[in-house]
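Comments concern the structure below.
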Amino acid sequence: MVQSLPVQIIRASGETSTSNLNFNVSRIVNGSGVTVKGFELFYQQAFTFLPAPFDGLGASANYTFIDNSDPEQLTAASRNNFNLTAYYEKGPAGVRLSYAWRGGFLLSPSSAQAMGTRSLAYGTLDGSASLKITDNASLTLEGVNLLNAAQLTQFTSGLPSAYVDAGRRILFGARFSF
8 MVQSLPVQII
18 RASGETSTSN
28 LNFNVSRIVN
38 GSGVTVKGFE
48 LFYQQAFTFL
58 PAPFDGLGAS
68 ANYTFIDNSD
78 PEQLTAASRN
88 NFNLTAYYEK
98 GPAGVRLSYA
108 WRGGFLLSPS
118 SAQAMGTRSL
128 AYGTLDGSAS
138 LKITDNASLT
148 LEGVNLLNAA
158 QLTQFTSGLP
168 SAYVDAGRRI
178 LFGARFSF
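Going by the working numbering, the residue at position 66 of the sequence shown is 73; the numbering climbs one at a time, nothing skipped.
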């Protein structure tokens, strides 16, 4: 939409004048109806039936499928997503390893003024370990994005838009209560 708005201009000489300049004005509006259908599957199993010390093992998995009627309008809706987690929790020790994968999705739709952007599919591997030393003290170690995965985005035309490298992060923690 083009609007002609009066603008007061101050020149270097100090003179002022008013003239009409044309501006393109754009704004976000609610889109037309989009139908979203899908399902989620989840399974978790603690392997308590295994002999010690393996009876602390466990796993969980989930998968989400989203089918939307207009993938070029609805943002942040990956068609396929899944998470896998393996863990060991027994006594004072706990270890967890999780992989999360998300399919590509629309970040911003195309408009007359600009190309839209899409996030490409990506996955991350995270891990954590904890040890309870006493009732009042524990230690933790956490690794985020252990595979050092980067998130890539591109314009809807297919040209690269951004490369986000959050890096691998290792965190150590100690907790004490008094």
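Virtual Cβ for every residue (Gly too), placed ideally from N, Cα, C.
For G45, does the three-state DSSP call read helix, strand or coil? Sequence index remark: in the sequence shown, residue 45 carries index 38 (1-based). Reduced to three states, the DSSP call for G45 is strand.
Given this structure, state the Cα-to-Cα distance separating V9 from N152, to the nearest angstrom. Locating residue 9 in the sequence shown gives position 2, where the first residue counts as 1. Locating residue 152 in the sequence shown gives position 145, where the first residue counts as 1. Per-residue confidence for V9 stands at a pLDDT of 48, beneath the threshold of 50, marking its modelled position as unreliable; no derived number is given.
My understanding is that L114 touches R125, with C-beta atoms under 8 Å, so please give their C-beta distance in whole angstroms. Reading the sequence shown from its first residue, position 107 is the one you call residue 114. Reading the sequence shown from its first residue, position 118 is the one you call residue 125. Rounded, the Cβ-Cβ distance is 6 Å, consistent with contact.
Enclosing beta strand (DSSP E) for Q161 [first to last residue]: Taking the first residue of the sequence shown as 1, we reach residue 161 at position 154. Run containing Q161: 158 to 162, per the beta strand (DSSP E) assignment.
Taking the straight line between their C-alpha atoms, what separation do you get for P78 and A84? Numbered from 1 along the sequence shown, position 71 holds the residue referred to as residue 78. Numbered from 1 along the sequence shown, position 77 holds the residue referred to as residue 84. Roughly 8 Å separates the two Cα atoms.
Using the DSSP secondary-structure output, state which residues sit across from G180 in a beta bridge. As a position in the sequence shown, residue 180 is number 173, starting the count at 1. Answer by DSSP bridge pairing, in chain order: T147.
With a 10 Å radius around its C-beta and 16 neighbouring C-beta atoms as the bar for buried, classify R109 as buried or exposed. Sequence index remark: in the sequence shown, residue 109 carries index 102 (1-based). Its Cβ being crowded by 16 or more others within 10 Å, R109 is buried.
So, is P116 buried or exposed, given that buried needs 16 or more other C-beta atoms within 10 angstroms? Sequence index remark: in the sequence shown, residue 116 carries index 109 (1-based). Classification for P116: buried.
Report the rounded CA-to-CA distance for F49 versus Y94, giving the unit in angstroms. Residue 49 sits at position 42 when you count from the first residue of the sequence shown. Residue 94 sits at position 87 when you count from the first residue of the sequence shown. Rounded to whole angstroms, F49 to Y94 spans 16 Å at the Cα level.
Spell out the partners DSSP gives Q51 in its beta bridges. Along the sequence shown, read from residue 1 onward, the residue named residue 51 stands at position 44. Beta-bridge pairing links Q51 to S67.
Mapping DSSP to helix, strand and coil, what is D133? Translated into positions along the sequence shown, residue 133 becomes position 126. Strand, per DSSP.
Nearest-angstrom beta carbon gap, A144 and F183 [assumed within contact, 8 Å]: Taking the sequence shown and counting its residues from 1, the one referred to as residue 183 is at position 176. Taking the sequence shown and counting its residues from 1, the one referred to as residue 144 is at position 137. The Cβ separation is near 5 Å, so the contact holds.
Can you grab the Cα-Cα spacing for the pair D133 / S39, in whole Å? What you label residue 133 is simply residue 126 of the sequence shown in a count that begins at 1. What you label residue 39 is simply residue 32 of the sequence shown in a count that begins at 1. Cα atoms of D133 and S39: separation of roughly 38 Å, rounded to the nearest angstrom.
Alpha-carbon to alpha-carbon, L154 and L166: To locate residue 166, count along the sequence shown from 1; it is residue 159. To locate residue 154, count along the sequence shown from 1; it is residue 147. Those two C-alpha atoms are separated by around 25 Å.
If I follow the unbroken beta strand (DSSP E) through P116, where does it start and stop? In the sequence shown, the residue the question calls residue 116 occupies position 109. No beta strand (DSSP E) contains P116, which DSSP labels as neither H nor E.
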